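Report on the structure given below.
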Ligand SMILES: [Zn+2]
């Protein structure tokens, strides 16, 4: 009996898995019919196996939940990192702007002199001359509508708030020229950090000298020639022929000579150039 039980019990796992031979299956079944102990043993074995598979399923489920939680956590981690990065970026921008505003200031109007000259075509040449111990490190123009409805053009001349004092030999006046501005619709022009007024609608404007007219005529001639070349080459970027280059150079030279002859600008370290581009889209 004991040997039969051992053999039947050895074969049980194979019969449960369905891999036992027919002879083995018959042997186990016949033995189970006459042996209560082995029936109980088999029942216990099946229960243990069920239990195991349930536990495995449970573990798998738990694993899946943990994985999902981790995935969520990773997602929120990414969001948190992104938000932190954005916050830092905006913070840096804000701090940078604050610092910039702290480090820069507009020159007071007493360090700036503005003169207006009107060309025959109605356009106005605005010249700002700055002087003093502080260098002018940024020119700009902005326009704004005031609360009373007036439209104001502001000339902005920036300098460093701290330090940066010029040596005596460096403090000669420096001019910045806004070429050919239209004052249509503008009620007044303000300048300097204290917003002094240098022109109001109706104020007379000095007519330009013949030499200044000639200078701008020479600039227009070069512009016209460049447009002509671009049209001839059918492109904005092209190689000039040697004849074209020669004529182009002559026009450029004419501008330089015309500029040197303008009485309004003589003696100034003027930033007006042959190809001067006014700041902030003016001109
Ligand atoms: Zn038995």
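Numbering (the numbering used here), first residue to last: 62 to 344. Idealized CB from N, CA, C, for every residue including glycine. These numbers were taken from a predicted model, which means no experiment stands behind them.
Residue burial classification, residue 276 (beta-carbon count within 10 angstroms, cutoff 16): As a working mapping, residue 276 is identified with position 215 in the chain shown. Burial call: buried.
Ranges of the alpha helix (DSSP H) found wholly within the region 212-296, counting only runs of at least 4: 271-294
Coil, strand or helix - residue 157 by DSSP: Taking the first residue of the chain shown as 1, we reach residue 157 at position 96. Residue 157: helix per DSSP, three-state reduction.
Residue 218 beta carbon less than 9 Å from that of residue 189: Walking along the chain shown from the start, residue 189 turns up at place 128. Walking along the chain shown from the start, residue 218 turns up at place 157. Closer than 9 Å, so yes.
Residue 171 beta carbon less than 9 Å from that of residue 253: Locating residue 253 in the chain shown gives position 192, where the first residue counts as 1. Locating residue 171 in the chain shown gives position 110, where the first residue counts as 1. It is a contact, given that the beta carbons lie within the stated cut-off.
Beta-carbon gap between residue 261 and residue 215 smaller than 9 Å: Translated into positions along the chain shown, residue 261 becomes position 200. Translated into positions along the chain shown, residue 215 becomes position 154. No, they are not a contact pair.
Three-way DSSP call (helix, strand, coil) for residue 178 in this model: Indexing the chain shown from 1 puts residue 178 at position 117. Residue 178: strand per DSSP, three-state reduction.
Closer than 8 Å: residue 69 CB and nearest ligand 1 heavy atom: Within the chain shown, the letter at position 8 stands for residue 69. Yes, the beta carbon of residue 69 sits closer than 8 Å to at least one heavy atom of ligand 1.
Residue 80, buried or exposed, once every other Cβ within 10 Å from all chains shown has been counted against 16: For the purposes of this step, residue 80 is taken as residue 19 along the chain shown, with counting starting at 1. Exposed: under 16 other Cβ atoms inside 10 Å.
Straight-line gap, residue 131 to residue 138 (C-alpha atoms, nearest Å): Against the chain shown, residue 131 aligns to sequence position 70. Against the chain shown, residue 138 aligns to sequence position 77. Distance between the alpha carbons of residue 131 and residue 138: 10 Å.
Environment of residue 94 [buried if 16+ CB atoms lie within 10 Å]: As a working note, residue 94 is residue 33 in the chain shown. With fewer than 16 Cβ atoms within 10 Å of its Cβ, residue 94 is classed as exposed.
Contact test: residue 90 Cβ vs ligand 1 heavy atom, cutoff 8 Å: On the chain shown, residue 90 is found 29 positions in, with the first residue counted as 1. No, Cβ of residue 90 sits at least 8 Å from all heavy atoms of ligand 1.
Proximity winner among 244, 103, 92, 65, relative to residue 74 (alpha-carbon distances): The residue you call residue 74 lines up with position 13 of the chain shown. Of the listed residues, the one whose Cα sits closest to residue 74 is 103.
Range of the contiguous alpha helix (DSSP H) that encloses residue 95: As a working note, residue 95 is residue 34 in the chain shown. Per DSSP, residue 95 belongs to the alpha helix (DSSP H) from 83-95.
Residues that DSSP places opposite residue 190 in a beta bridge: Here the question's residue 190 lines up with position 129 in the chain shown. DSSP output for residue 190 lists 174, 236 as bridge partner(s).
Coarse secondary structure for residue 120, derived from DSSP in three states: One-based indexing of the chain shown puts residue 120 at position 59. Three-state result, residue 120: helix.
Three CB pairs or more closer than 8 Å across the region 150-164 and the region 200-208: no
Closest by C-alpha distance to residue 383, when choosing among 287, 145, 66, 98: Outside the displayed range of the chain (62 to 344) lies residue 383, so it cannot be described from this structure.
Residue 324 beta carbon less than 9 Å from that of residue 243: Taking the first residue of the chain shown as position 1, residue 243 is located at position 182. Taking the first residue of the chain shown as position 1, residue 324 is located at position 263. Their beta carbons are not under 9 Å apart, which means residue 243 does not touch residue 324 by this criterion.
Residue 325 in three-state terms, based on DSSP: On the chain shown, residue 325 is found 264 positions in, with the first residue counted as 1. The answer is helix: DSSP assigns residue 325 an H, G or I state.
Contact belief for residue 315 with residue 279 at Cβ below 8 Å, rounded distance in angstroms: As a first step, residue 315 is located in the chain shown; it is residue number 254 there, counting from the start. As a first step, residue 279 is located in the chain shown; it is residue number 218 there, counting from the start. Confirmed, about 5 Å.
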